Amino acid sequence: MPAIRVADYELSYSFNGAQSRTDGLTLVLVHGAGGQELDWPIAWRSLDDITRKMGLTPKSHSGDLDNYPIYAVDLPGHGQSGGNSQRSVDAYADSIAGFLEALDLTNVLLVGHSMGAGIALTLSIRKNERLAGIALIGGSSRLAVSDAILTGLQSAFEATVDNIVKYSWNRDTGDFFKQKARQQMLEAGSDVVHDDFYACSQFDLSAELSAVTMPTLVIASDNDRMVPLETSRTMAQAIANSKFITLQDCGHFQHVEQTAAVAAAMSDFLKNELVR
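Just so you know, the working numbering puts 710 at position 258 of the sequence shown, and the rest follows in order with no gaps.
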């Protein structure tokens, strides 16, 4: 995978290979706590993925997203990136701002899941000039984390990861996705996952949402037990230029559990809100 230097470390990322557009629109995907760029659907990360060749990826999984350059980033200390995990969403936002600058990306739809949504929201409030809009998936302006999770990630890591996975996915989601998420979080390690959840526990921009003026897409779901639907809805209502989408029978990993619906929502948002 390619990498780009940001500050004193390198950030690893994937690129789907799509040609630059005349309107310059580009998507940058930012994963959640304990995750990596592999958390995003492969159909979004590559135009040549093997699942398409085998007929396993429905066209609706990517749809019009094929028409946009898409970058998916490993946050510092995650996946194949260098550097260290951070203990604040602000610090992670600094790294993504550096990534956008290092690749000279402009007119960006910054798409974040969970903690990644907090990163996107932070850069929007900062008025980052490289952003055209943000898409917040399973996100909120306040990311509550119980003391039991923070303690467990240090004292009973594997058991706590099991509980996080249990509550992150819709009950009917196949075990393959749950086990893959569990494995990736265990591989990230206790220190990284604890740093991420601690960063989430300290994150609260609820009083600053009036500063979000750029087009904002908020995607939430009825069975999300990590970030409840009404929490995301309340955030969306406080953002002047927002569009709110509710998914039914879906857990916290909306972009995996209902890839087609999320892709369609983003495609519609890009065409109707961001194309100039």
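Cβ atoms here follow ideal geometry from the backbone N, Cα and C, with glycine treated the same way.
These numbers come from a predicted model, not from an experiment.
Under the three-state reduction of DSSP, K632 is assigned to helix. G585 counts as buried, since no fewer than 16 other beta carbons sit within 10 angstroms of its beta carbon. Taking a C-beta distance under 8 Å as the contact criterion, Y465 and D526 qualify as a contact pair.
Leaving aside the five residues that flank A663 on each side, the residues in its chain whose CB is nearer than 7 Å to its CB run, in chain order, I577. Note on geometry: alpha-carbon atoms of E709 and C702 lie some 7 Å from one another.
A Cβ-Cβ separation of about 5 Å places V613 in contact with M637 under the 8 Å criterion. Around the CB of Q635, fewer than 16 other CB atoms lie within 10 Å, so the residue is classed as exposed. Distance from the Cα of G591 is smallest, within the candidate group F705, M718 and R457, for F705. Taking C-beta atoms as the reference points, G568 and H483 count as a pair closer than 8 Å.
Straight-line spacing of the CA atoms in R473 and T558 works out to 11 Å.
In this model, I691 and T665 are separated by some 7 Å (Cα to Cα). Between the region 516-526 and the region 594-606, the count of Cβ pairs shorter than 8 Å is below three; the stretches do not touch. Here Q532 has M453, S464 and D526 as same chain residues with Cβ atoms under 7 Å from its own Cβ, once five neighbours each way along the sequence are excluded. The closest CA to that of G529, considering only L661, S673 and A640, is found on A640. In the displayed model, D656 falls within a strand according to three-state DSSP. Ranking F467, Q689, V617 and F696 by CA distance to the CA of A672 puts F696 first. Cα atoms of L602 and F649: separation of roughly 7 Å, rounded to the nearest angstrom. When DSSP states are grouped into helix, strand and coil, E489 belongs to the helix group.
In the three-state scheme derived from DSSP, where H, G and I count as helix and E and B as strand, S607 is classed as helix.
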